[in-house]
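Heads up: the protein sequence lines correspond to chains A and B, in order. Okay, so the first sequence: first residue is 21 according to this note's numbering, each after it adds one. Okay, so the second sequence: first residue is 184 according to this note's numbering, each after it adds one. Glycine included, C-beta positions come from ideal geometry on N, C-alpha and C. The structure presented is a predicted model; accordingly, all values stated were derived computationally and were not measured.
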Amino acid sequence: MSEHKKEFWKWKEYNWRSDGIDWRNGSIITGGVDVGSVSTQAVIMVDGELYAYASQRTGSNSPDSAQRAMAWALEGTGMTLDNLNFTVGTGYGRVNVPFANKTVTEIACHARGANYMYGPTVRTILDMGGQDCKAIHCDEKGKVATFLMNDKCAAGTGRGMEVIADMLGVSIEEVGQRSLEIDEEPEPVSSTCVVFGKSEALGLLRSGWEINKVLAAYSSAMAHRVVTLLQRIGVEPDFAITGGIAKNIGIVSRIEKELGVKALKPRHDTQLAGAIGAALFAKNLVEKKGK
Amino acid sequence: MITAGIDVGTKNTKTVIVKDNEIIGRACILTGFDLNETAEKALQEAIASAGITRDQVEEVVSTGTGRKSVTFADRNVSEVSAAAKGVHYLIPSVRTVIEVGAEEGRAVKVDSDGKALDNALNEKCAAGAGSFVEAMARALETTVENLASISLNSVESVPMNAQCVIFAESEVVSLIHQKVPKQDIARAIHDAISGRISSMARTVGIDADVALVGGVAKNIGFLKSLKDHIGVEIVVPEQPEYVGALGAALQ
Numbered sequence: 021m022s023e024h025k026k027e028f029w030k031w032k033e034y035n036w037r038s039d040g041i042d043w044r045n046g047s048i049i050t051g052g053v054d055v056g057s058v059s060t061q062a063v064i065m066v067d068g069e070l071y072a073y074a075s076q077r078t079g080s081n082s083p084d085s086a087q088r089a090m091a092w093a094l095e096g097t098g099m100t101l102d103n104l105n106f107t108v109g110t111g112y113g114r115v116n117v118p119f120a121n122k123t124v125t126e127i128a129c130h131a132r133g134a135n136y137m138y139g140p141t142v143r144t145i146l147d148m149g150g151q152d153c154k155a156i157h158c159d160e161k162g163k164v165a166t167f168l169m170n171d172k173c174a175a176g177t178g179r180g181m182e183v184i185a186d187m188l189g190v191s192i193e194e195v196g197q198r199s200l201e202i203d204e205e206p207e208p209v210s211s212t213c214v215v216f217g218k219s220e221a222l223g224l225l226r227s228g229w230e231i232n233k234v235l236a237a238y239s240s241a242m243a244h245r246v247v248t249l250l251q252r253i254g255v256e257p258d259f260a261i262t263g264g265i266a267k268n269i270g271i272v273s274r275i276e277k278e279l280g281v282k283a284l285k286p287r288h289d290t291q292l293a294g295a296i297g298a299a300l301f302a303k304n305l306v307e308k309k310g311k
Numbered sequence: 184m185i186t187a188g189i190d191v192g193t194k195n196t197k198t199v200i201v202k203d204n205e206i207i208g209r210a211c212i213l214t215g216f217d218l219n220e221t222a223e224k225a226l227q228e229a230i231a232s233a234g235i236t237r238d239q240v241e242e243v244v245s246t247g248t249g250r251k252s253v254t255f256a257d258r259n260v261s262e263v264s265a266a267a268k269g270v271h272y273l274i275p276s277v278r279t280v281i282e283v284g285a286e287e288g289r290a291v292k293v294d295s296d297g298k299a300l301d302n303a304l305n306e307k308c309a310a311g312a313g314s315f316v317e318a319m320a321r322a323l324e325t326t327v328e329n330l331a332s333i334s335l336n337s338v339e340s341v342p343m344n345a346q347c348v349i350f351a352e353s354e355v356v357s358l359i360h361q362k363v364p365k366q367d368i369a370r371a372i373h374d375a376i377s378g379r380i381s382s383m384a385r386t387v388g389i390d391a392d393v394a395l396v397g398g399v400a401k402n403i404g405f406l407k408s409l410k411d412h413i414g415v416e417i418v419v420p421e422q423p424e425y426v427g428a429l430g431a432a433l434q
């Protein structure tokens with residue numbers, strides 16, 4: 021059996037299907053596909069309820085990644101693409117969802133998705149994606165009021181976290197927890213640049229710092245960077261975090277601490293916000309057509 | 184009078200020994216975690232290359248990001264004045280100095296006496312410094328030198344969208360998958376960084392003569408690209424990475 025070098029930055033891909041819903045009894049079946057620069061999510065909703073989903077690495081070929089993710093979401097459901105009444109594509113690769121009936125911007129989808137996931141009280145959403153970071157203000161219906169985005173720089177993004185996980189040899193699922201297993205919170209590394217932060221982290225490691233402490237210093241810098249973005253738009257409660265990094269408890273707790281505000285607890289996979297929002301927009305479009 | 188200038192950079196520490204306005208020795212070593220220790224070691228090596236002894240060095244002046252960590256330095260000077268002084272000594276006709284190191288890029292406007300008049304600095308983003316080229320070379324599984332020379336063979340300009348080193352790495356990988364010729368990718372990399380450096384230089388104004396110094400000045404691909412971007416001849420002094428240390432020694 022061949023052994024290949026473990027890639028620590030690779031988070032697990034997954035799919036899920038609800039046992040409690042029979043889609044054949046549903047009237048409006050919609051699909052939402054969020055093609056991000058790092059990950060792609062495909063979501064299937066039955067009458068606006070989450071039925072099935074899949075999350076995969078996007079890879080270098082967007083049209084293929086949308087199809088693969090949707091095929092995986094459909095797996096085991098007995099459904100085919102033809103059973104979907106309407107599909108909306110979103111994300112930076114949204115033009116590359118060949119089976120989508122329409123595309124909607126990711127900001128709008130994220131706000132809508134967060135509204136579904138966290139409820140109508142959410143007003144400020146922080147989305148930390150693979151290669152960008154967004155701060156969104158929305159109303160009780162999940163409609164976007166204003167937003168700020170950083171997509172030029174890896175600081176505060178998933179790639180920034182993957183880079184350090186790989187360097188330290190810690191799997192991405194563990195970096196959050198381990199960054200909290202320290203005696204004392206260290207000084208953060210450079211928060212303006214992942215490349216500089218990484219060099220600093222490497223230097224600290226070589227000088228004898230243990231891995232958890234290096235993770236803490238790096239996570240602290242990243243949290244600070246993200247808080248800076250949030251403060252430019254202001255944080256109005258309730259506050260919620262979406263995207264892959266929302267699963268990183270080390271980053272989330274540091275953000276909450278620096279802001280002095282607690283984020284709403286997620287009951288769904290936080291990476292699904294964009295795709296869920298897209299599937300909900302799809303439902304609205306079906307309902308409008310029906311009128 | 185024998186003076187030693189030590190430029191403690193993020194990647195390399197350079198030392199130059201000057202006696203009566205002549206360079207008599209130099210050394211360049213990797214900057215370790217202990218900056219003071221690195222500076223001492225670099226000084227020892229430069230002293231050995233000059234064929235003198237430690238007590239013959241009358242003054243030690245430090246510069247660079249780690250200048251304040253050199254406890255045995257008699258004083259320290261800013262990288263701006265070190266660059267200005269160093270270049271003026273080598274090429275007195277220079278009026279604009281562009282210095283690109285591993286993690287910083289700066290532009291310095293100098294007068295006819297080698298005094299710094301104005302300066303611009305990028306220290307916040309690795310995409311405007313040597314780390315960018317190094318990361319790209321790694322992504323293409325080659326050396327910086329090779330990347331530089333193959334870029335000169337490029338005939339087609341390929342745009343690079345990513346500003347950030349981290350994103351650019353992914354972009355380079357996808358360009359490879361799209362079978363874009365390596366020399367065009369190499370050129371795109373150099374164009375990306377020189378675009379940023381030239382924008383920075385324009386904020387202080389580009390007046391001839393223009394000198395390029397710092398470790399990245401040795402990159403022939405970057406030099407050509409920068410010349411194309413600013414549209415003016417650029418002169419690179421011999422051993423350009425030592426200019427900061429030289430300038431410190433001459434203070």
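Closest by CA to residue i, which one among the options?
{"i": "ASP217/B", "options": "THR196/B, ILE207/B and LYS202/B", "result": "THR196/B"}
{"i": "ARG226/A", "options": "THR214/B, ILE185/B and GLU317/B", "result": "THR214/B"}
{"i": "ALA470/B", "options": "VAL280/B, ALA299/B and LYS362/B", "result": "Not covered by the structure: residue 470/B. The range shown for chain B is 184 to 434."}
{"i": "SER357/B", "options": "LEU335/B, MET319/B, GLU228/B and SER334/B", "result": "MET319/B"}
{"i": "VAL277/B", "options": "ILE185/B, VAL393/B, THR186/B and LYS224/B", "result": "VAL393/B"}
{"i": "THR325/B", "options": "ARG209/B, LYS365/B, VAL253/B and VAL348/B", "result": "LYS365/B"}
{"i": "PHE301/A", "options": "TRP36/A, GLY52/A and TRP31/A", "result": "GLY52/A"}
{"i": "THR386/B", "options": "LEU273/B, VAL243/B and LYS292/B", "result": "LYS292/B"}
{"i": "ASP12/A", "options": "ASP54/A, ALA72/A, ALA237/A and GLY46/A", "result": "Any question about residue 12/A goes unanswered here, given that chain A covers just 21 to 311."}
I need the straight-line Cα distance from residue i to residue j, nearest angstrom please.
{"i": "GLU33/A", "j": "ILE269/A", "result": "19 Å"}
{"i": "TRP248/A", "j": "SER191/A", "result": "As written in the sequence, residue 248/A is Thr, which differs from the Trp given in the question. Roughly 27 Å between the two C-alpha positions."}
{"i": "LYS251/B", "j": "ASN259/B", "result": "7 Å"}
{"i": "MET21/A", "j": "GLY111/A", "result": "Note that MET21/A has pLDDT 35, beneath the 50 cutoff, so the model's placement of it is unreliable and no number is given."}
{"i": "SER239/A", "j": "GLY176/A", "result": "9 Å"}
{"i": "GLY217/A", "j": "ARG237/B", "result": "36 Å"}
{"i": "VAL415/B", "j": "SER314/B", "result": "25 Å"}
{"i": "ARG77/A", "j": "ALA86/A", "result": "10 Å"}
{"i": "SER199/A", "j": "LEU235/A", "result": "5 Å"}
{"i": "PHE167/A", "j": "VAL418/B", "result": "46 Å"}
{"i": "GLY196/A", "j": "ALA285/B", "result": "30 Å"}
{"i": "ILE127/A", "j": "VAL108/A", "result": "14 Å"}
{"i": "GLY96/A", "j": "LEU70/A", "result": "15 Å"}
{"i": "ASP203/B", "j": "LEU406/B", "result": "32 Å"}
{"i": "LEU226/B", "j": "LEU429/B", "result": "13 Å"}
{"i": "LEU323/B", "j": "ARG179/A", "result": "19 Å"}
{"i": "SER408/B", "j": "ARG370/B", "result": "8 Å"}
{"i": "ILE333/B", "j": "LEU222/A", "result": "31 Å"}
Could you check what DSSP says for residue i in three-state terms: helix, strand or coil?
{"i": "LYS309/A", "result": "helix"}
{"i": "ASN179/B", "result": "The structure shown does not extend to residue 179/B, since chain B is modelled only from 184 through 434, so no value can be given for it."}
{"i": "GLY378/B", "result": "helix"}
{"i": "TRP36/A", "result": "strand"}
{"i": "LYS285/A", "result": "coil"}
{"i": "GLY13/A", "result": "As shown, chain A starts at 21 and ends at 311. That puts residue 13/A outside it, with no answer to give."}
{"i": "GLU69/A", "result": "strand"}
{"i": "THR386/B", "result": "helix"}
{"i": "ASP203/A", "result": "coil"}
{"i": "SER191/A", "result": "coil"}
{"i": "GLN291/A", "result": "helix"}
{"i": "ILE48/A", "result": "coil"}
{"i": "SER3/A", "result": "Because chain A in this structure spans residues 21 to 311, residue 3/A falls outside the shown range and cannot be described."}
{"i": "SER245/B", "result": "strand"}
{"i": "GLY427/B", "result": "helix"}
{"i": "THR100/A", "result": "coil"}
{"i": "SER219/A", "result": "helix"}
{"i": "GLN87/A", "result": "helix"}
Decide if residue i is buried, meaning its Cβ has at least 16 other Cβ atoms within 10 Å, or exposed.
{"i": "PRO423/B", "result": "buried"}
{"i": "ALA165/A", "result": "exposed"}
{"i": "LEU224/A", "result": "buried"}
{"i": "ALA231/B", "result": "exposed"}
{"i": "LYS303/A", "result": "buried"}
{"i": "ASP152/A", "result": "buried"}
{"i": "THR50/A", "result": "buried"}
{"i": "SER219/A", "result": "buried"}
{"i": "GLN61/A", "result": "buried"}
{"i": "VAL338/B", "result": "exposed"}
| request: Run through the stretch 192-232 of chain B for me and flag every whole beta strand (DSSP E) of 3 or more residues, listed as ranges in chain order. | output: 195-202 and 205-213
| Which runs of the alpha helix (DSSP H) spanning at least 4 residues fall entirely within the stretch 254-280 of chain A, listed in chain order? | 269-279
| query | Which runs of the beta strand (DSSP E), 3 residues or longer, sit entirely within the stretch 264-349 of chain B? | reply | 279-283, 288-293 and 299-305
| Entirely enclosed alpha helix (DSSP H) segments - the stretch 109-188 of chain A, minimum 4 residues | 126-138 and 178-188
| task | Could you tell me which uninterrupted alpha helix (DSSP H) segments, each at least 4 residues in length, are contained entirely in the stretch 392-423 of chain B, listed from first to last along the chain? | result | 403-413
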